[in-house]
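One structure below.
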Amino acid sequence: MSGCKRCNRELKTQKSIAAGYGPTCKKKQEEADAEFLKIQITIDEELAYQEKVKRR
Ligand SMILES: [Zn+2]
């Protein structure tokens, strides 16, 4: 028995079961992950910048 990790609906294809998400939710999850990664990089860059400013 497996359901989508996001919406808890039943997963019908082997591919979806392997991914843990339905096709729509997988796409949304990937977009959310990409957004999260983008934010992470921004924070890292911000910290690097502040570190640089501090040393001046
Ligand atoms: Zn779903």
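Residue numbers (numbering that gives the first Met the number 0): 0 to 55. Cβ atoms here follow ideal geometry from the backbone N, Cα and C, with glycine treated the same way.
Asked: Alpha-carbon spacing of Ser1 relative to Gln13, whole angstroms; Found: 10 Å
Asked: Cβ-based neighbour list, Leu10, same chain, cut-off 7 Å, excluding 5 preceding and 5 following; Found: Ser1, Gly2, Cys3, Ile16 and Gly21
Asked: 6 Å CB neighbourhood of Cys6 in its chain, flanking five on each side removed; Found: Cys24
Asked: For Glu50, the first and last residue of its enclosing alpha helix (DSSP H); Found: Pro22 to Arg54
Asked: Neighbouring residues (CB closer than 6 Å to any heavy atom of ligand 1); Found: Cys3, Arg5, Cys6, Arg8, Tyr20, Gly21 and Cys24
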